[in-house]
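Chemist: Note that numbering that gives the first Met the number 0 gives residue 167 to position 168 of the sequence shown, counting from 1, and the numbers run on in steps of one.
Glycine included, C-beta positions come from ideal geometry on N, C-alpha and C.
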Amino acid sequence: MKTQTKIALIFFLILLSTIMVLSASVYFFTTRYSFTDFYKRLEIRGVVTARAELDHEEASQTVLQEVRALHLEKLPEEKEYFFKIEPGQSFDEEADKLDLPESFFSTLLTTGQATHQAGDIFFTGIRYSGKAGDYLVIVSAANYYSSHHLAYLRNILLIGIVLASAVALFVAFVFSRQVFTPVKEITDKVKEISSQSLHLRLESGRVNDEIGELETTFNNMLDRLETAFETQNNFISNASHELSTPLTTIIGEAEVTLSKSRSETEYVESLTTILSEAERLEKITKSLLFLAQTGFAGKAQKFDKVRVDQLLWDVKSTIDKINPKNKVQINTSLMPESPEQLKIKGNEQLLHLALTNLVSNACKYSHNKPVTVSIGAADDKVIIVIKDTGVGIPDAELKFIYDPFFRASNVTEYEGYGIGLPLARNIVRMHTGELLVVSKINEGTTVQVTFPIGHYSLG
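1) Just curious, the beta strand (DSSP E) that Gly345 is in, first and last residue?
2) Could you have a look at His115 and say whether DSSP puts it in helix, strand or coil?
3) Among Lys183, Phe217, Glu42 and Gly124, whose alpha-carbon lies nearest the alpha-carbon of Thr2?
4) For the segment 246-273, which segments carrying the beta strand (DSSP E) assignment without a break, of at least 3 residues, lie completely within its bounds, in sequence order?
5) Output the boundary residues of the beta strand (DSSP E) element that contains Lys304.
6) Would you call Leu257 buried or exposed, if buried means 16 or more other Cβ atoms sit within 10 Å of its Cβ?
7) Which residue comes first and which comes last in the beta strand (DSSP E) that contains Arg126?
8) Can you tell me where the beta strand (DSSP E) with Ile192 in it begins and where it stops?
9) Determine the direct distance from the alpha carbon of Asp394 to that of Thr444, and round the result to whole angstroms.
10) Looking only at its chain, what residues have a beta carbon closer than 6 Å to the beta carbon of Leu420, apart from the 5 residues adjacent to it on each side?
11) What do you get for Lys324, buried or exposed, if any count of 16 or more other CB atoms within 10 angstroms of its CB means buried?
12) Which first and last residues belong to the alpha helix (DSSP H) in which Asn425 is found?
13) In or out: Tyr266 buried (at least 16 other Cβ within 10 Å) or exposed?
14) Report the option in Gly415, Lys190 and Glu433 whose CA atom is closest to the CA atom of Ala423.
15) DSSP puts Gly132 in a beta bridge; with which residues?
16) Ignoring anything shorter than 3 residues, give me the beta strand (DSSP E) runs that lie fully in the segment 67-109, in order along the chain.
17) For Thr114, collect the residues of the same chain with a Cβ closer than 7 Å to its Cβ; drop the 5 residues on either side in sequence, then sort them by chain order.
18) Quick one, are the C-beta atoms of Ala253 and Ile283 less than 8 Å apart?
19) Mapping the DSSP letters down to three states, classify Asn360 as helix, strand or coil.
20) With three or more beta-carbon pairs closer than 8 Å as the criterion, would you say the segment 27-42 touches the segment 90-99?
21) Buried or exposed: where does Lys342 fall if 16 or more other Cβ atoms within 10 Å of its Cβ makes it buried?
22) Can you tell which of Phe103, Tyr416 and Glu79 has its C-alpha closest to the C-alpha of Glu52?
23) Mapping the DSSP letters down to three states, classify Val446 as helix, strand or coil.
24) Decide yes or no for the touch test of the segment 25-33 against the segment 136-149: beta carbon pairs closer than 8 Å, at least 3 of them.
25) Please classify His198: is it buried, with 16 or more other beta-carbons within 10 angstroms of its beta-carbon, or exposed?
26) Check His454 in the structure and name its three-state DSSP category.
27) Assuming Asn330 is part of the beta strand (DSSP E), what are its boundary residues?
28) Assuming the contact rule is C-beta atoms closer than 8 Å, Thr449 and Ile382 should be a hit. Round their C-beta distance to whole Å, please.
29) What does the alpha-carbon distance come out to for the pair Pro181 and Ile192?
30) Helix or strand or just coil, what does DSSP make of Ala407?
31) Report the partner residues of Val463 according to the DSSP bridge assignment.
32) Which same chain residues, not among the five before or five after Ser16, have their C-beta less than 6 Å away from its C-beta?
33) Distance check for Ser203 and Leu8, CA to CA, integer angstroms please.
34) Quick one: Cα of Val305 to Cα of Ile452, how far?
35) Is the Cβ-Cβ distance between Leu333 and Gly375 less than 8 Å?
36) Helix or strand or just coil, what does DSSP make of Thr215?
Here it is, written out as structure tokens:
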């Protein structure tokens with residue numbers, strides 16, 4: 000059975016149970032009230048009848064007879080009984096005659112009032128003291144009025160339960176369908192996503208909603224999967240290509256050197272070449288391993304609160320050590336007044352590495368021309384913009400900039416391996432951020448990095 004059907008049935012059963020409890024309560028209390036009301040009517044008749052029959056004042060009797068005739072309708076099977084109370088008298092014979100329990104008379108004598116029901120016949124007894132002495136007055140009648148009305152009420156309630164059940168069943172299925180519509184939309188969208196279409200994302204338009212949180216979590220998972228698949232697809236081919244170049248140089252240099260005896264100077268030159276290529280090979284290997292780590296094991300990193308403005312000043316300090324000729328300027332004019340709007344949750348070491356790569360690239364590919372790093376906050380996001388006036392990236396090659404080892408055709412004169420930008424993109428994704436690159440040839444490049452403020456769903 001589908002969960003949607005289960006919820007509909009549970010909702011229906013809850014509504015049906017509530018309706019039945021309310022209907023049973025209405026019937027129960029109405030029945031009690033009708034019995035109490037009928038006993039009260041019998042009691043009034045008993046008092047009026049006793050005064051009319053037992054008091055010997057003619058004027059009073061006439062008035063009571065008129066009141067009884069005008070205002071007290073004759074009840075079905077109505078009967079009145081009068082029993083004079085004598086000292087030591089037993090009412091066993093009267094009890095047998097009226098088919099009443101002995102407790103009825105004992106209660107009547109003790110408390111002055113008693114009631115009894117035998118089927119549809121109701122009995123009310125009162126103790127009346129008048130000029131003629133003390134009497135037990137018993138009035139009985141059939142409660143057809145209440146019986147008929149209760150039967151009518153019972154039929155109405157049963158019909159109401161049936162109709163309400165139909166409405167409740169309809170509402171239950173509409174309610175469950177409404178609740179599960181977003182889930183069905185997510186399911187249909189997820190079915191469209193495969194290893195060839197990991198770029199697709201769920202539309203997350205709900206705020207402070209469990210479904211919205213599910214969509215956001217699923218999109219975060221897709222980000223990690225896409226990064227992992229890209230890393231996996233590119234790692235082997237790129238690694239084999241990039242590693243083969245220094246290895247070929249090392250092997251070739253060693254073979255040439257060993258082919259014949261050489262002078263000490265030639266051996267030193269050969270070993271220097273081998274060392275240089277080995278160091279290059281080590282750098283490439285470390286970069287590849289770190290790129291793979293950010294692609295596959297991002298979830299294992301430790302996340303803490305990070306002040307982005309302080310992080311940028313640390314990056315500036317690192318750039319100054321690496322490239323003393325840099326002209327990096329940090330623009331703080333758009334910074335918010337509250338420091339809380341600059342706090343994100345992330346791994347400070349990884350964020351430092353990503354931003355250092357981006358700023359270092361801006362300096363390198365602009366021949367150390369001025370580079371502006373701006374920081375601001377808007378719509379619960381921290382925004383970092385890195386702008387240079389360097390060589391730029393050709394439009395046709397922008398779509399390849401995140402491929403590991405890709406280098407634009409106009410930067411061959413610059414040293415690099417094409418790993419910095421893919422690595423930065425992986426790190427930004429790990430922090431549920433966005434990295435956007437806009438570039439024009441010979442005009443420069445603008446990189447915008449966006450992080451959510453106070454994002455605590457990772458780590």
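Modeler: Looking at the atomic coordinates:
1) Within the sequence shown, residue 345 is the residue found at index 346, counting from 1. Lys342 to Gly345 is the extent of the beta strand (DSSP E) around Gly345.
2) Your numbering for residue 115 matches position 116 in the sequence shown. His115 falls in the strand class under three-state DSSP.
3) Sequence index remark: in the sequence shown, residue 2 carries index 3 (1-based). Among Lys183, Phe217, Glu42 and Gly124, the Cα nearest to that of Thr2 is on Lys183.
4) none
5) In the sequence shown, the residue the question calls residue 304 occupies position 305. Note, Lys304: beta strand (DSSP E), Asp303 to Arg306.
6) The residue given as residue 257 occupies position 258 in the sequence shown. Looking at its Cβ environment, which holds fewer than 16 other Cβ atoms inside 10 Å, Leu257 is exposed.
7) Residue numbering aside, residue 126 sits at position 127 when the sequence shown is read from its first letter. Its beta strand (DSSP E) spans residues Ile120 to Gly129.
8) To locate residue 192, count along the sequence shown from 1; it is residue 193. Taken as a continuous stretch (DSSP letters only), Ile192 belongs to no beta strand (DSSP E), as it is neither H nor E.
9) What you label residue 444 is simply residue 445 of the sequence shown in a count that begins at 1. What you label residue 394 is simply residue 395 of the sequence shown in a count that begins at 1. Near 11 Å, if we compare the C-alpha coordinates of Asp394 and Thr444.
10) Your numbering for residue 420 matches position 421 in the sequence shown. The residues are Ile400.
11) Start at 1 with the first residue of the sequence shown, and residue 324 comes out as number 325. With fewer than 16 Cβ atoms within 10 Å of its Cβ, Lys324 is classed as exposed.
12) In the sequence shown, residue 425 corresponds to position 426, counting from 1. Asn425 -> alpha helix (DSSP H) spans Gly419 to Met429.
13) For the purposes of this step, residue 266 is identified with residue 267 of the sequence shown, where counting begins at 1. That one is exposed.
14) Counting from 1 along the sequence shown, the entry for residue 423 is found at position 424. Among Gly415, Lys190 and Glu433, the Cα nearest to that of Ala423 is on Glu433.
15) Locating residue 132 in the sequence shown gives position 133, counting from the first residue. Gly129, per the DSSP bridge assignment.
16) 78-83
17) For the purposes of this step, residue 114 is taken as residue 115 along the sequence shown, with counting starting at 1. Only Tyr38, Phe122 and Thr123 meet the Cβ criterion.
18) On the sequence shown, position 254 is the one that residue 253 refers to. On the sequence shown, position 284 is the one that residue 283 refers to. It is not a contact, given that the beta carbons lie outside the stated cut-off.
19) The count along the sequence shown starts at 1 and reaches residue 360 at position 361. Three-state result, Asn360: helix.
20) no
21) Reading the sequence shown from its first residue, position 343 is the one you call residue 342. Looking at its Cβ environment, which holds 16 or more other Cβ atoms inside 10 Å, Lys342 is buried.
22) As a working mapping, residue 52 is identified with position 53 in the sequence shown. Ranking the options by Cα distance to Glu52, first place goes to Glu79.
23) Walking along the sequence shown from the start, residue 446 turns up at place 447. The answer is strand: DSSP assigns Val446 an E or B state.
24) yes
25) Locating residue 198 in the sequence shown gives position 199, counting from the first residue. The residue in question, His198, is exposed, as its Cβ has fewer than 16 Cβ neighbours within 10 Å.
26) Taking the sequence shown and counting its residues from 1, the one referred to as residue 454 is at position 455. At His454, the pLDDT of 48 sits below 50, so the modelled position is not reliable; the number obtained from the coordinates is stated separately. In the structure shown, His454 sits in coil (DSSP, three-state: anything other than H, G, I, E or B).
27) The sequence position of residue 330 within the sequence shown is 331, counting from 1. Note, Asn330: beta strand (DSSP E), Val327 to Asn330.
28) Counting from one through the sequence shown, the residue named residue 449 turns up at place 450. Counting from one through the sequence shown, the residue named residue 382 turns up at place 383. Thr449 to Ile382, Cβ: 5 Å. Contact.
29) Here the question's residue 181 lines up with position 182 in the sequence shown. Here the question's residue 192 lines up with position 193 in the sequence shown. Pro181 and Ile192: Cα-Cα distance of roughly 17 Å.
30) To locate residue 407, count along the sequence shown from 1; it is residue 408. DSSP places Ala407 in coil when its eight states are reduced to three.
31) Outside the displayed range of the chain (0 to 458) lies residue 463, so it cannot be described from this structure.
32) Counting from 1 along the sequence shown, the entry for residue 16 is found at position 17. Nothing listed; no residue qualifies.
33) Taking the first residue of the sequence shown as position 1, residue 8 is located at position 9. Taking the first residue of the sequence shown as position 1, residue 203 is located at position 204. Approximately 30 Å between the Cα atoms of the pair.
34) To locate residue 305, count along the sequence shown from 1; it is residue 306. To locate residue 452, count along the sequence shown from 1; it is residue 453. Computed Cα separation, rounded: 10 Å.
35) Here residue 333 is taken as the residue at index 334 of the sequence shown, counted from 1. Here residue 375 is taken as the residue at index 376 of the sequence shown, counted from 1. In this structure, Gly375 lies closer than 8 Å to Leu333 by Cβ.
36) Position 216 of the sequence shown, counting from 1, holds the residue named residue 215. Helix, per DSSP.
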